[in-house]
Amino acid sequence: MSFYELQAPTVWADPPSMWSSTSIDDVEACPRRWQLMRSRWGDLDRFPVRPHPAAIEGQIVHEALDRLTRACGQRGNPPFGSPEFAAALTDADFFPGFARAVAEWGHRLMSHPRPGPAFRLRASGEELANRAVRMFREQYKPDGKAASQAAERAAETPVNVKALLKKKHALSEVKLTHPGLPFLGILDRVQDTGEGVEVVDFKTGKPSDKHHKQLLRYALLWWRTTGDAPARVSAQYLDGVESWSVTLSALEGIEADLVKGLPLLTEALRAYPAAAKPGSGCGFCPVRARCAAGWAVGEEAALVDGRGDAELLVGAKAGEHGFLARTRVGADVAVVYEAAVAKLLPEHVEGQVVRVLDGVWKEKRSQLELKAWTEVFVVREVQ
Ligand code: SF4
């Protein structure tokens, strides 16, 4: 049976044995999405997400900016052209990273269950690098005095981090595990400000409450590992810093949330399928075609964005280039596609209910065109 006909994972994902701040946020947002994404689907270890090439290009640029932001932050945001800035570019593997990412994504796209010659990245590594450099130049604010603040990397060092910080004044990539809870984090930078310890995380994107919460969780890890509560946590963005002072009661509150919340999240992932939380995340949820609870919400959100998600009851085939179908609300639709796309559809769709992801609506939504990147999932259980 092809991936597009499998109705559920062949092996369900287990809850994580160790939690990160990101996995907590992801499972809180929707346990089912976390679970379906990480489950085995036939021969595939995980759900094979098939993002649009433009989204992949954006992701490659974003990840490179993320790496460079971290590397610069760890070296005290040195000025352009300085030896420290050059070292940050090397640390971040900035320029070579683009060609490698393009090659890796090219391989992933071609080994996807639904490859297609028309579905590949259009931009070269060099073009993406130029795009990233432009964005970085627009936003980066060097800190002229900071070259001396380069931090000692501490991620893989199983040493007394408190003593190491006292000696070095700044540490980077500090991997810490809570002594009594299944929770770990890698702290981008920890520095001694002279007025107490500051935990810093480097971020691209916009300030968000999530960043503050993540930093408090990291401050908790530092406190429980060393006995010293940080005085401050900071989110360093490309164009500025947001800082918050830390109180013991805030750390105790964060810890109490973890004590109570982690067993509940683990329990939620022991249901198969886990509970769904339909909401604003459904529109771009990679597993929405396999989530009856969130499908309608995602379909509406896609319509607002001009994307063609549709659940259809397929009627008669109308030649090599299309078929007739009916939507969930009973409207007739002509589904059309080119010969190259036809080869990629599931073999038997007549009489089936299918969920189409990322088609293109035409002719006032009386026609839905399936493109090279469109996916069509057979949904037998709805019949
Ligand atoms: S479609 Fe919505 S409810 Fe369903 S798994 Fe995705 S995010 Fe969760």
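Residues in the sequence shown are numbered from 2 upward in steps of one, following the numbering used here.
Positions of the beta carbon are idealized from the N, C-alpha and C atoms, including for glycine.
Keep in mind the model is a prediction, meaning the values are calculated, not measured.
Whole-angstrom distance between residue j and residue i, CA atom to CA atom
i, j, result
"R308", "C292", "18 Å"
"Q36", "E312", "23 Å"
"S149", "H212", "Reliability of the predicted coordinates at S149 is poor, the pLDDT of 42 falling under 50, and the value obtained from them is presented with this limitation in mind. So the two alpha carbons sit approximately 27 Å from each other."
"L325", "D92", "55 Å"
"G262", "P183", "11 Å"
"Q192", "A164", "12 Å"
"V50", "K167", "45 Å"
"L304", "A251", "42 Å"
"T328", "V334", "7 Å"
"S22", "V380", "34 Å"
"A56", "L66", "15 Å"
"L96", "M111", "Looking at the sequence shown, residue 96 is not Leu but Phe. Near 24 Å, if we compare the C-alpha coordinates of M111 and F96."
"E29", "E199", "27 Å"
"L369", "A317", "15 Å"
"H179", "R225", "7 Å"
"D44", "P114", "10 Å"
"W374", "F285", "14 Å"
"A297", "S209", "28 Å"
Proximity test, residue i beta-carbon vs the ligand SF4 heavy atom, cut-off 7 Å
i, result
"V305", "no"
"P279", "yes"
"A294", "yes"
"V288", "yes"
"R381", "no"
"R271", "no"
"L358", "no"
"R47", "no"
"G299", "yes"
"C73", "no"
"G282", "yes"
"L7", "no"
"R34", "yes"
"L266", "no"
"L249", "no"
"L1", "Residue 1 is absent from the structure shown; the chain starts at 2 and stops at 384."
"L259", "no"
"L37", "yes"
For residue i, three-class secondary structure by DSSP
i, result
"E339", "coil"
"F48", "coil"
"L345", "coil"
"R121", "coil"
"F378", "strand"
"S1", "Residue 1 lies beyond the stretch modelled for the chain, which goes from 2 to 384, so this question has no answer here."
"D202", "strand"
"D144", "coil"
"K167", "helix"
"V361", "strand"
"Q8", "coil"
"L185", "strand"
Cβ-based neighbour list, residue i, same chain, cut-off 6 Å, excluding 5 preceding and 5 following
i, result
"G126", "F99, A100 and V103"
"R68", "A93"
"R356", "A290, E312, F378 and V380"
Neighbourhood of residue i by C-beta distance below 8 Å, restricted to the same chain and skipping five residues each side
i, result
"A276", "P32, R33 and A269"
"K142", "N78, L239, D240 and G241"
"Q60", "P52"
"Q8", "R291, V380, R381 and E382"
"W42", "F4, L7, P10, T11, F48 and P49"
"S235", "E199, V200, V201, D202, L216, V242, E243, S244 and W245"
Cutoff 7 Å; reference residue i; Cβ partners in own chain excluding five residues on either side
i, result
"S246", "A232 and R233"
"L259", "L182 and F184"
"A147", "Because A147 sits at a pLDDT of 45, beneath the cut-off of 50, its placement in the model cannot be relied upon, and the point is left open."
"E348", "none"
Contact test: residue i Cβ vs the ligand SAH heavy atom, cutoff 7 Å
i, result
"L110", "In the structure shown, the ligand SAH is absent; the only ligands present are the ligand SF4."
**Study point:** Whole runs of the beta strand (DSSP E) within the stretch 298-332, excluding any shorter than 3 residues
**Key:** 309-318 and 323-328
Check your understanding: Where are the alpha helix (DSSP H) runs, 4 residues long or more, that stay fully inside the stretch 211-285, in chain order?
Key -> 249-269
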